[in-house]
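Chains as they are written, first to last, in our numbering: chain A, 462 to 715; chain B, 23 to 307.
C-beta atoms are modelled at their ideal positions from N, C-alpha and C, and glycine is treated no differently.
Each remark here refers to the structure printed beneath this line.
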Amino acid sequence: MTGLLYKELKLNSRKLILNLLGAMIYPLLIIFVIKVCDADAKKGVDDEINQQMLTNVMSIIWLSACCIAYFFTAVIQNGLIPQDERKKWAYYVTSTPTGIKGFVGVKYLCSLFIGMVTVTILMFIQSLAADMGALKVDATTIIVGAFYMQIFMRAIEFPLIFRFSSKVGYMVKSCIVVLICIVLFVYFLFGDTSMFANLETFWERFFKFVNDPEQMKKVYLWIGIIAVAVMPLYYLSYRLSVKWYLKGVENYAK
Amino acid sequence: MQNKKIALLRIAVYLVLAYLPVYILGFVFSDKKGGLTSAVAGILLMLFPAIAVVITRIVTKEGFRDAFLGFGKRKSGKYYGAAVIYPIVLPFVSAVILHLLIVKNGSIWDSGFFADSTMTAANLLIAFASGVAMALHGLGEELGWRAYLTPKLEELMPTSAAVVVTGIIWALWHGPLLVYGYDFGRDYDLFPYGGFMAMIVMCIFMSAFYTWLTKRTNSVYPAALSHMILDMFLTSVFSMFTVNADGNKFEYRTNEFWMMIISVFPMMIICGIICMVLMCRKKKA
Chain A
462 MTGLLYKELK
472 LNSRKLILNL
482 LGAMIYPLLI
492 IFVIKVCDAD
502 AKKGVDDEIN
512 QQMLTNVMSI
522 IWLSACCIAY
532 FFTAVIQNGL
542 IPQDERKKWA
552 YYVTSTPTGI
562 KGFVGVKYLC
572 SLFIGMVTVT
582 ILMFIQSLAA
592 DMGALKVDAT
602 TIIVGAFYMQ
612 IFMRAIEFPL
622 IFRFSSKVGY
632 MVKSCIVVLI
642 CIVLFVYFLF
652 GDTSMFANLE
662 TFWERFFKFV
672 NDPEQMKKVY
682 LWIGIIAVAV
692 MPLYYLSYRL
702 SVKWYLKGVE
712 NYAK
Chain B
23 MQNKKIALLR
33 IAVYLVLAYL
43 PVYILGFVFS
53 DKKGGLTSAV
63 AGILLMLFPA
73 IAVVITRIVT
83 KEGFRDAFLG
93 FGKRKSGKYY
103 GAAVIYPIVL
113 PFVSAVILHL
123 LIVKNGSIWD
133 SGFFADSTMT
143 AANLLIAFAS
153 GVAMALHGLG
163 EELGWRAYLT
173 PKLEELMPTS
183 AAVVVTGIIW
193 ALWHGPLLVY
203 GYDFGRDYDL
213 FPYGGFMAMI
223 VMCIFMSAFY
233 TWLTKRTNSV
243 YPAALSHMIL
253 DMFLTSVFSM
263 FTVNADGNKF
273 EYRTNEFWMM
283 IISVFPMMII
293 CGIICMVLMC
303 RKKKA
């Protein structure tokens, strides 16, 4: 298993470094922009409520930057499986002592490791932002929450990719996303959309919700429940991938 | 003899690289109260032992063959389980001791832990989830102390002595923070030397537990995971037992320093002794 892990690191080291740098650059740029814009914007704003509003907006921009960092690293995670989609390799690795369990396990562990590196990078950038005075909120819970969201996405994707090969797997994933979009579209056409009727009041209500400690407690609780629930799900996803691996091999090219 | 000299040289290189940045950052960015004025410095401190190991291994051309980076032996699941359960149980045992022996005004049921069930549940879950997600920070320390220093010291002395020496070196590495009151505050006799002594005791027994995990699994990851979860649980869960429902600190029969020692140390010491015995017994067998 260690050998397989070494193989992954050796084959993907450049991609890994470049993507992690890519993941770093965007949030770094954002905090510099926040630093400059925040100071400029607050020059003309004396009102405490508006200052709070500005801080909220800057926080949302920062959180979106964190999400983009996760997108960058998702690219590496998604590239881990397709690079080994060859029948010869699949049958060879099945015959090794570590076998399918080791091979599939390494893919899952690498994906987890990449997610953890992203958390470390974002924590570092958040600390930098705090030192610069650019950020007044502690987004650690959100960063950790996004990590589990990323792991959750991989837990769904990986078995599909192992079962149907990457081409069909991504198609199945796309179908699921399109289906969700259609459901949302239908909801927006025929469902209750009164809360989006006036965007100004929507944001007002949103920020009121965010600044309400009682509501945030519930949000934190749900983040915690989902995060902890993702761990066994990730393991189940691994077991499923192990089970489906040889069925998926039939779809590979030579 | 030659091998011992080489091991000593490698230890010296590693220690200089691990201590120097931490002492520089620790003193430059100290808030003089035990904390740091720079959040970046705080984040980086835990990573320096790992950085030191990487540089040492490259400089001394040792390679990474014995770096405990693999996932170790088969059937290591129970040790991973122990690595997770121990840091979760420790704050609760400590809280029981705290309220039985130290707190003057109120029982454990009056503590902040039982005040708000939603917040408590959220804290517990998020502490665990954060510990796992940020396990790389734990790896930063464990890669240095357990996966490098202890095995190197074992080339010079028996395992038990290596664990003790690692504990002492690990505790002294926290020096710049301890000097200003990190972990044990400032309100105690013999400040800050008492803090150093307490930290040495704590690190020796924690070192025994982490070394036991590393040796049993032949991997550094359980120790890293356990380290990070413990840090998270001690800061977010145990602290809830030290305050009442209104968020005010309980009155203690003693000062903060002895509160920490009496409540948190017993389980660490017992667990450390058990791990040390298990390690030595296995060695003899």
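Is residue i near residue j, with beta carbons less than 9 Å apart?
{"i": "residue 243 of chain B", "j": "residue 94 of chain B", "result": "yes"}
{"i": "residue 231 of chain B", "j": "residue 302 of chain B", "result": "no"}
{"i": "residue 496 of chain A", "j": "residue 540 of chain A", "result": "no"}
{"i": "residue 192 of chain B", "j": "residue 229 of chain B", "result": "yes"}
{"i": "residue 38 of chain B", "j": "residue 134 of chain B", "result": "no"}
{"i": "residue 58 of chain B", "j": "residue 256 of chain B", "result": "no"}
{"i": "residue 319 of chain B", "j": "residue 149 of chain B", "result": "This structure cannot speak to residue 319 of chain B, because chain B is shown only from 23 to 307."}
Chain A partners of residue i, CB-CB under 8 Å?
{"i": "residue 156 of chain B", "result": "577, 580, 581, 584, 605"}
On the three-state DSSP scale, how would you describe residue i?
{"i": "residue 349 of chain B", "result": "As shown, chain B starts at 23 and ends at 307. That puts residue 349 of chain B outside it, with no answer to give."}
{"i": "residue 98 of chain B", "result": "coil"}
{"i": "residue 58 of chain B", "result": "strand"}
{"i": "residue 241 of chain B", "result": "coil"}
{"i": "residue 83 of chain B", "result": "coil"}
{"i": "residue 275 of chain B", "result": "coil"}
{"i": "residue 74 of chain B", "result": "helix"}
{"i": "residue 703 of chain A", "result": "helix"}
{"i": "residue 115 of chain B", "result": "helix"}
{"i": "residue 267 of chain B", "result": "coil"}
{"i": "residue 714 of chain A", "result": "strand"}
{"i": "residue 615 of chain A", "result": "helix"}
{"i": "residue 547 of chain A", "result": "strand"}
{"i": "residue 125 of chain B", "result": "strand"}
Distance, Cα to Cα, residue i vs residue j?
{"i": "residue 126 of chain B", "j": "residue 44 of chain B", "result": "38 Å"}
{"i": "residue 493 of chain A", "j": "residue 153 of chain B", "result": "29 Å"}
{"i": "residue 469 of chain A", "j": "residue 670 of chain A", "result": "44 Å"}
{"i": "residue 661 of chain A", "j": "residue 487 of chain A", "result": "28 Å"}
{"i": "residue 483 of chain A", "j": "residue 575 of chain A", "result": "13 Å"}
{"i": "residue 690 of chain A", "j": "residue 81 of chain B", "result": "43 Å"}
{"i": "residue 118 of chain B", "j": "residue 77 of chain B", "result": "44 Å"}
{"i": "residue 618 of chain A", "j": "residue 71 of chain B", "result": "36 Å"}
Does residue i get closer than 9 Å to chain A when you measure Cβ to Cβ?
{"i": "residue 310 of chain B", "result": "Residue 310 of chain B cannot be examined here, being either before or after the span of chain B that is shown, 23 to 307."}
{"i": "residue 269 of chain B", "result": "no"}
{"i": "residue 300 of chain B", "result": "no"}
{"i": "residue 93 of chain B", "result": "yes"}
{"i": "residue 40 of chain B", "result": "no"}
{"i": "residue 144 of chain B", "result": "yes"}
{"i": "residue 289 of chain B", "result": "no"}
{"i": "residue 236 of chain B", "result": "no"}
{"i": "residue 132 of chain B", "result": "no"}
{"i": "residue 196 of chain B", "result": "no"}
Under 7 Å between beta-carbons, which chain A residues line up against residue i? List them in chain order, please.
{"i": "residue 61 of chain B", "result": "588, 591, 592"}
Can you check whether the C-beta of residue i is within less than 9 Å of a C-beta belonging to chain B?
{"i": "residue 689 of chain A", "result": "yes"}
{"i": "residue 519 of chain A", "result": "no"}
{"i": "residue 631 of chain A", "result": "no"}
{"i": "residue 679 of chain A", "result": "yes"}
{"i": "residue 514 of chain A", "result": "no"}
Can you list the residues of chain B that residue i reaches, using a CB-CB cut of under 8 Å?
{"i": "residue 601 of chain A", "result": "152"}
{"i": "residue 559 of chain A", "result": "Chain B residues near residue 559 of chain A: none, gap ~10 Å exceeds 8 Å."}
{"i": "residue 463 of chain A", "result": "91, 92, 93"}
{"i": "residue 608 of chain A", "result": "155"}
Any beta carbon of chain C sitting closer than 9 Å to that of residue i?
{"i": "residue 64 of chain B", "result": "Protein chains in the displayed structure are A and B, and chain C is not among them."}
In chain B, which residues lie with their C-beta within 9 Å of the C-beta of residue i?
{"i": "residue 684 of chain A", "result": "144, 147, 148, 151"}
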